[in-house]
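Reading through the structure tokens given below for one structure.
In the working numbering, the protein residues as written are 1353 to 1857.
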């Protein structure tokens, strides 16, 4: 019982600090992104979008799935950490060399000469990332998100300030390059400062084989997922203008910022916590079910609401030049509704050590997405057709993920979908109602935005209360536990003062 209470307190603390980390840093990232959208042109973001797939795939290779293997392993040693550190650093250095050599070919593929210098500079993030992976894993493994939050806030603030100054002085696309590079550099530096771990001069072959056996399947699935998630940037960058790619890439980034707020917060805490109770099937299933329902309760109305208020939101914050991004953003919000559910279902497979299933799922989903992309290109539906392919793929992927995770914790896909359907239906009804009220509100972006937000929040809470959606009470209970946990304890002297007032002599 004492161990369970300790795990509960650690989980609540982890959720609090993970929430602080994600909300503050996504907030900072969002503010910085908005400033850059005002200072820079769509084509600047389009140029960066061309090399995103290269950097994303390279980062997946550098990690090699070893991070998740280390977090899952409850008996890691100094030799284990050191072995992973040296392997990651070696891989990062090798990939950087390959990218440096191949940058002219990548530049020629897109017909964009400046990509040579951009890619060679941007690829340095791989080495910086490799130097800090183990330190970050150790903090996550101990559910120490308070330190991670401090590190990320300082890194985002510093790199953001540098980026804005560079943009103001006319550095254009290079301000975006140095933003990514500075952020990763400061994160790694601060990880070494706050988590004073040093690798030992040892490379344990047995440790390497142990983590490779689990990690290589995650690596392959991660590569497939990363490749297909970023494939649209390649297609649009190759077939359309950099300006159009800029509109698309920022719609993706802004919608991802919103959908990842919840999934990143809970996923980072749930994985190490669920790993600790992986042997207790009943507790694991109960905890997972609560996470899924809570994620749907929060994320569904947020993403539907953002899709509905997109036009006044973009009009106020970004101005007329970014309005072509609105349609893409709205569709990605519909896809982003399900992102936390994808993440948590895949978490279960990792917790149960089923990296083989993890890989098989990614292969199936990639086949489906390939068919959808092929149909979009064959029918010449343009960029909007590609975005619809991503939306449809998100919904088909949910069924695939739930089908396989259900086999591991006796929580069927049908039951899981039944659990989240009420929140989905209420959110869609809320979106329709808010959209209809927008048609009769004054044609003023600011007034319309404020009124629609208020109407949407009240509608959702009232309907959930009427429908007796228990997650509403769960949110209340979690909030009360958090407030109680951080409520100052009165001193003995203050208690004596209170007693004396109520019990006068």
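Think of the CB as a built atom: it goes at the ideal place given N, C-alpha and C, for glycine as much as any other residue.
Quick caveat: nothing in here was measured; it's all calculated off a predicted structure.
- Within a 10 Å sphere around the beta-carbon of residue 1645 sit 16 or more other beta-carbons, which makes this residue buried.
- In the DSSP annotation of this structure, the continuous segment of the alpha helix (DSSP H) that includes residue 1460 starts and ends at 1430-1462.
- Here residue 1497 is buried. Its C-beta has 16 or more other C-beta atoms within 10 Å.
- Within 10 angstroms of the beta-carbon of residue 1418 lie 16 or more other beta-carbons, which makes it buried.
- The straight-line gap separating the alpha-carbon atoms of residue 1572 and residue 1411 is approximately 13 Å.
- Under the DSSP assignment, residue 1521 falls outside any alpha helix (DSSP H); it carries neither an H nor an E label.
- For residue 1819, the secondary structure class from DSSP, reduced to helix, strand or coil, is coil.
- Nearest to residue 1440 by C-alpha distance, out of 1478, 1462 and 1455, is 1478.
- If the five residues before and after residue 1527 are omitted, its C-beta is found closer than 6 Å to the C-beta atoms of 1515, 1518 and 1519, all from its own chain and listed in chain order.
- Cα atoms of residue 1458 and residue 1651: separation of roughly 38 Å, rounded to the nearest angstrom.
- Under the three-state reduction of DSSP, residue 1596 is assigned to helix.
- When rounded, the separation of the alpha-carbon atoms in residue 1493 and residue 1732 is 47 Å.
- Relative to residue 1432, the option among 1553, 1710 and 1671 whose CA is nearest is 1553.
- The beta carbons of residue 1475 and residue 1448 sit closer together than 7 Å.
- In this model, residue 1509 and residue 1542 are separated by some 13 Å (Cα to Cα).
- The continuous stretches of alpha helix (DSSP H) do not include residue 1763, and DSSP gives it neither H nor E.
- Between residue 1579 and residue 1597, the beta carbon gap of about 17 Å keeps them out of contact (Cβ cut-off 8 Å).
- Going by beta carbons, residue 1786 and residue 1660 fall inside the 7 Å limit.
- A direct Cα-Cα distance of roughly 26 Å separates residue 1456 from residue 1602.
- Take residue 1537, set aside five residues on each side of it, and the residues of its chain with a beta-carbon closer than 6 Å to its own are 1480, in chain order.
- For residue 1689, no alpha helix (DSSP H) encloses it, and the DSSP letter there is neither H nor E.
- The segment 1399-1408 and the segment 1544-1558 do not touch, with fewer than three beta-carbon pairs separated by less than 8 Å.
- Per DSSP, residue 1530 is one residue of the alpha helix (DSSP H) stretching across 1525-1546.
- Here the alpha carbon of residue 1484 sits roughly 41 Å from the alpha carbon of residue 1770.
- Inter-residue distance for residue 1728 and residue 1806 is about 38 Å (C-alpha atoms, whole angstroms).
- Between residue 1425 and the set 1564, 1654 and 1635, the nearest pair of CA atoms involves 1564.
- The DSSP-derived three-state label of residue 1674 is helix.
- If you draw a straight line from the Cα of residue 1406 to the Cα of residue 1725, it comes to about 20 Å.
- By the Cβ rule, the segment 1694-1704 counts as touching the segment 1737-1753, because three or more pairs are nearer than 8 Å.
- The Cβ neighbour count for residue 1540, taken over all protein chains shown within 10 Å, is at least 16; the residue is labelled buried.
- When rounded, the separation of the alpha-carbon atoms in residue 1758 and residue 1501 is 33 Å.
- The C-alpha of residue 1820 lies about 58 Å from the C-alpha of residue 1454.
- For the pair residue 1391 and residue 1609, the Cα-to-Cα distance works out to about 20 Å.
- DSSP, read as helix, strand or coil, puts residue 1732 in coil.
- For residue 1481, the uninterrupted alpha helix (DSSP H) segment begins and ends at 1476-1493.
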